[in-house]
Amino acid sequence: MSGLLALLDDVAAIAKVAASSLDDVAAAAGKAGAKAAGVVIDDTAVTPKYVHGFEAERELPIIGRIALGSLKNKLLILLPAALLLNSFAPWAVTPLLALGGAYLCFEGAEKIFHVLFPHGDDAVEQDFDVKDPAHLEEEKVRGAIKTDFILSAEIMTIALAAIPASSVWMQGATLALVGAGITVAVYGAVALIVKMDDVGLFMARRGRFASTRAVGRGLVIAMPRVMTFLSSVGTAAMLWVGGSIVIHGLEERGWTWIGHHFHDWAAAVGHAAPRVEGLAEWLTKATLDGLFGLALGLLLIPVATRAIGPLIARLARRA
902 MSGLLALLDD VAAIAKVAAS SLDDVAAAAG KAGAKAAGVV IDDTAVTPKY VHGFEAEREL
962 PIIGRIALGS LKNKLLILLP AALLLNSFAP WAVTPLLALG GAYLCFEGAE KIFHVLFPHG
1022 DDAVEQDFDV KDPAHLEEEK VRGAIKTDFI LSAEIMTIAL AAIPASSVWM QGATLALVGA
1082 GITVAVYGAV ALIVKMDDVG LFMARRGRFA STRAVGRGLV IAMPRVMTFL SSVGTAAMLW
1142 VGGSIVIHGL EERGWTWIGH HFHDWAAAVG HAAPRVEGLA EWLTKATLDG LFGLALGLLL
1202 IPVATRAIGP LIARLARRA
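Start counting the sequence shown at 902; every next residue gets the next number (my numbering).
See the structure below:
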């Protein structure tokens, strides 16, 4: 009996350790996921465009395929790559993070530039070609998964940088939880957004009460504006997150004056509004980071479109 009690005591101790480890993983995942919030917002805002123009019954299957591709990106490719990088070349994490931040700045600035100065694009013209629906769906899914790969790489790198020093298993479990949780959150939100107009249409046509039908009509009318708002939020989030990541990378390399000045200016604004000091300081810092990201992105547009893009296209043709 004493041996059985000792065994049960050992099992209970192991269970406590396991529960503590799970709590640590969940806590680390929560902190790491919060750091990647800006990229998550952009991912959520970008994805709905990939189901635009398809029949309503194909929208959820397409989102499901993209979500599965996103999960594979994060868990089968990016997670092992991030752990290997952190184990054997930790010095490369910050430069790669800054490179991803610069890409976000370019993407956000390019969207704003295109709105301010509309210009033709062969890829855009090709998108107007309806083509075979099945073939078009395959193209859209592949394109969405490629875009998701870039955003997921940034999410996983941000998450890795935010995880406290720990064992490789702890880091792997945390990254896996972050990757799976963000994928479910993003594509669950996308599914709700995409189907909201259908829900509104159903309520407007089948609602038993006048108030229900009115709400349905309101949803149908509001969704295009919601999509436009989400696109704007996504662009702002890209510039804010990208700018802050690049500034942090510069600080890691000893170029601290930009971040130092931004911090001082944000603190001054916060002190000037003591009732909302924290909010005012955060908004000021985010705005300054976003403006920096916009300036950097505008500088990168000619570099990306006239040098890097043609070079990648030439290498792809040779391959």
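Glycine included, C-beta positions come from ideal geometry on N, C-alpha and C. All values derive from a computational prediction rather than experimental measurement.
Between residue 1002 and residue 1147, the C-beta gap is smaller than 8 Å, which places the two residues in contact. Close CB contacts of residue 1171 within its chain, under the 6 Å cut and outside five residues either way in sequence, are with 1178, 1181, 1182 (chain order). Between the C-alpha atoms of residue 1051 and residue 990 there is a straight-line separation of about 20 Å. Rounded to whole angstroms, the separation of the alpha carbons of residue 1060 and residue 1105 is 43 Å. Here residue 1110 carries a coil assignment [DSSP, helix/strand/coil]. A Cβ-Cβ distance of about 7 Å is found for the pair residue 987 and residue 1072, placing them in contact under the 8 Å criterion. Between the segment 1155-1165 and the segment 1201-1211 there are fewer than three C-beta pairs closer than 8 Å, too few to call the two in contact. Short of 6 Å from the beta carbon of residue 966, and not among the five residues preceding or following it, lie these beta carbons of its own chain, in chain order: 1042. Residue 1198 counts as buried, since at least 16 other C-beta atoms from the protein chains shown sit within 10 angstroms of its C-beta. In this model, residue 1133 and residue 1191 are separated by some 13 Å (Cα to Cα). Linking residue 1187 to residue 1044 through their CA atoms gives a straight-line distance of about 30 Å. Excluding residues up to 5 positions away in sequence, nothing lies with its Cβ nearer than 6 Å to the Cβ of residue 992 in the same chain. When secondary structure is reduced to three states using DSSP, residue 1064 falls in the coil class, being assigned neither helix nor strand. Between residue 981 and residue 1081, the alpha-carbon positions lie close to 14 Å from each other. Contact between residue 964 and residue 1087 does not hold, since their C-beta atoms are separated by about 10 Å, which reaches or exceeds 8 Å. Boundaries for residue 1019: no alpha helix (DSSP H) harbours it, and the DSSP string shows neither H nor E there.
Cβ neighbours of residue 1098 within its own chain (closer than 7 Å, five residues either side excluded): 1120, 1121, 1124. DSSP places residue 1156 in the coil class of the three-state scheme, outside both helix and strand.
Spatial neighbours of residue 1126 in its own chain (CB-CB distance under 7 Å, excluding positions within 5 residues in sequence) are not present. Residue 995 is not a Cβ neighbour of residue 1194, given a cutoff of 8 Å. Judged by DSSP secondary structure, residue 1183 falls within the alpha helix (DSSP H) whose first and last residues are 1178-1204.
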